[in-house]
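Notes for the one structure printed next.
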Amino acid sequence: MSKRIGLISLFIVFLTAVQAQEKLNFAIVDKRSYELFEEKKWDELIQFSEEARKEGIDFFYLQARTGIALYNQGKYRNAAPWFLKAYANDQSFEWLQEYVYYSLVFSGRYLEAVKYAPFFSDAMKKKIGFHDIGVTRLAYETGYSFNPDFESLKTRDFSTEVNLGEDYGEGYFLKNYTFQSLDLSHRVAPNFTLNHNLTYIGVNREAVVDWSGQTTSPISINQFQYYINPVFVVGKKLKISPSLNLIFGSGDVYAGYLNRNLSRALGFSKVNYSDAVFSTAVWSDFGNFSPGMEFNAGSINDSKFTQLSSWITYYPLSNTKLYFTPKVYFKSGTDGFGWNAMGISGGATLGSIHLLGQYLFGDMENFVESAGYVISNFPGRSDRKIMGSVYFPLGKKYQFVFRYINQNVFEKYQVYTDGYKGNILEYNYLKHTLTAGISWNF
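Just so you know, the sequence shown maps onto residues 352 to 793 in my numbering.
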């Protein structure tokens with residue numbers, strides 16, 4: 352009797368397994384996934400789709416439904432690959448075109464979205480506001496930077512600290528500076544965008560000369576920066592972004608000199624300078640990760656250098672509402688090529704407001720930050736920089752931004768003995784920067 356019961360039990364298990372296997376066919380998967388789609392049971396639909404694919408069942412509508420389920424959960428980076436798989440099989444559906452576009456845009460992969468958009472229907476292009484060529488973005492930002500330690504540095508008795516005696520000592524102390532920056536982006540071809548930036552910086556400093564007594568004088572620096580940056584997508588998702596940053600300006604020099612009769616005198620002179628930095632960045636996307644690297648080469652303050660940076664951005668929510676980007680920087684120097692800085696940045700969206708933060712530390716002298724856009728080419732070095740930005744939209748086309756930057760700066764009080772550089776006294780201060788800007792998206 353027990354043997355008969357055992358055989359019956361095995362037979363029931365066998366029939367159950369066969370029945371379960373019979374359920375995983377195209378018709379059942381199509382029917383069940385459509386029912387879950389209609390009922391908006393997104394978690395169950397995602398899980399059921401995974402089970403079906405383990406059995407080798409996959410097709411256009413299952414891919415699209417999986418993408419829609421993930422999209423409605425806000426997991427745009429996970430949804431996009433399924434829409435792209437479905438789109439590769441059939442590109443005629445306008446609803447799928449829209450999902451492809453916005454899943455990429457909301458994933459932070461706008462360049463890829465633009466690559467697909469030219470092949471959409473005219474009605475869909477109009478709906479998403481896409482144009483093959485033309486201006487895509489215009490932005491203006493202005494800022495003010497100041498040194499709260501300026502007065503104490505200006506009156507500090509450096510000559511006593513270095514035991515100057517009859518030698519010559521000089522220092523240049525930052526007081527403040529203002530800048531204005533204009534950005535323009537335009538699409539010159541469906542898969543080719545050009546970004547431009549023109550920036551003006553006006554710097555106010557105080558020159559202090561100790562030479563048988565102390566004299567001071569305000570001096571100024573006027574600098575212009577032009578940045579051009581083409582961006583395009585190679586293959587399916589490899590982004591390449593070369594850029595050229597041209598910097599040119601002039602500054603006052605207040606210094607002492609000897610007359611023909613060897614009497615001492617002080618006077619002004621004007622110095623013109625120019626710097627240039629070439630950069631190339633490449634990055635791509637793999638699920639919730641976006642790795643990239645950038646190479647920089649240029650000359651700043653008559654010093655040639657090469658710099659390499661690498662980063663990886665992680666999107667824990669599979670969208671741009673939260674992300675973190677650790678970065679590492681390497682640079683050529685007197686000791687060869689090696690590490691010189693590290694950083695971490697991240698962003699978070701709260702309602703309609705987007706917050707962005709950045710922390711950098713290391714030996715940052717003549718330093719180029721990732722994207723080749725922010726260049727530290729003024730005298731001195733920094734070992735720490737903190738930045739916080741707040742973005743908030745106004746309507747669909749406008750966005751405001753406010754930033755605060757706190758940066759530690761080291762500069763030098765230089766001593767000359769018989770015209771040659773001698774003793775150096777390094778001092779530091781905190782530089783505070785406030786900026787505000789507006790952008791228009793066309």
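Glycine included, every Cβ here is placed at the ideal spot set by N, Cα and C.
Item: Collapsed DSSP secondary structure at residue 449 in the structure displayed; Value: helix
Item: Beta-carbon separation (whole angstroms), residue 563 vs residue 615, contact threshold 8 Å; Value: 7 Å
Item: Boundaries (first-last residue) of the beta strand (DSSP E) holding residue 569; Value: 565 to 585
Item: Cβ separation of residue 430 and residue 454, assumed to be a contact under 8 Å, to the nearest whole Å; Value: 5 Å
Item: When 550, 485 and 606 are compared against residue 568, the one with the closest alpha-carbon; Value: 606
Item: Inside the segment 505 to 529 only - beta strand (DSSP E) runs reaching at least 3 residues; Value: none
Item: Distance, residue 793 Cα to residue 483 Cα; Value: 12 Å
Item: Closest Cα partner of residue 426 within the set 413, 403 and 456; Value: 456
Item: Opening and closing residue of the alpha helix (DSSP H) in which residue 662 lies; Value: From DSSP, residue 662 is part of no alpha helix (DSSP H) but of the beta strand (DSSP E) over 654 to 665.
Item: Own chain, CB closer than 7 Å to residue 731, minus 5 neighbours either side, in chain order; Value: 760, 761 and 762
Item: Buried/exposed call for residue 423, threshold 16 Cβ in 10 Å; Value: exposed
Item: Minimum length 3: unbroken beta strand (DSSP E) runs contained in the segment 704 to 773; Value: 704 to 715, 732 to 745 and 749 to 768
Item: Rounded C-alpha distance that separates residue 710 from residue 674; Value: 14 Å
Item: Assigned secondary structure, residue 355 (DSSP; H/G/I helix, E/B strand, else coil); Value: For residue 355, the predicted model reports a pLDDT of 49, less than 50, meaning its position is unreliable; a value from the coordinates is still stated below. Helix, per DSSP.
Item: Residue 391 burial status per 10 Å Cβ neighbour count (16 or more: buried); Value: exposed
Item: Validate contact between the segment 549 to 557 and the segment 519 to 530 using beta carbons, cut 8 Å, 3 pairs; Value: yes
Item: Separation of residue 758 from residue 676, as counted between CA atoms; Value: 20 Å
Item: Beta-carbon gap between residue 660 and residue 680 smaller than 8 Å; Value: yes
Item: Residue nearest to residue 744 in terms of C-alpha spacing, selected from 720, 707 and 789; Value: 789
Item: Spatially closest choice to residue 485 from 539, 516, 534 and 467, by CA coordinates; Value: 539
Item: Separation of residue 501 from residue 767, as counted between CA atoms; Value: 23 Å
Item: Short Cβ contact (8 Å threshold) for residue 749 with residue 791; Value: yes
Item: Rounded distance between the beta-carbons of residue 492 and residue 787, thought under 8 Å; Value: 7 Å
Item: Given 8 Å, three or more beta-carbon pairs between the segment 473 to 480 and the segment 581 to 599; Value: no
Item: Nearest-angstrom Cα separation, counted from residue 494 out to residue 783; Value: 10 Å
Item: Segment contact flag, the segment 660 to 671 with the segment 634 to 645, C-beta cutoff 8 Å, min 3 pairs; Value: yes
Item: Reference residue 704; option with closest CA among 603, 626 and 671; Value: 671
Item: Residue 516 to residue 683 span [Cα, whole Å]; Value: 38 Å
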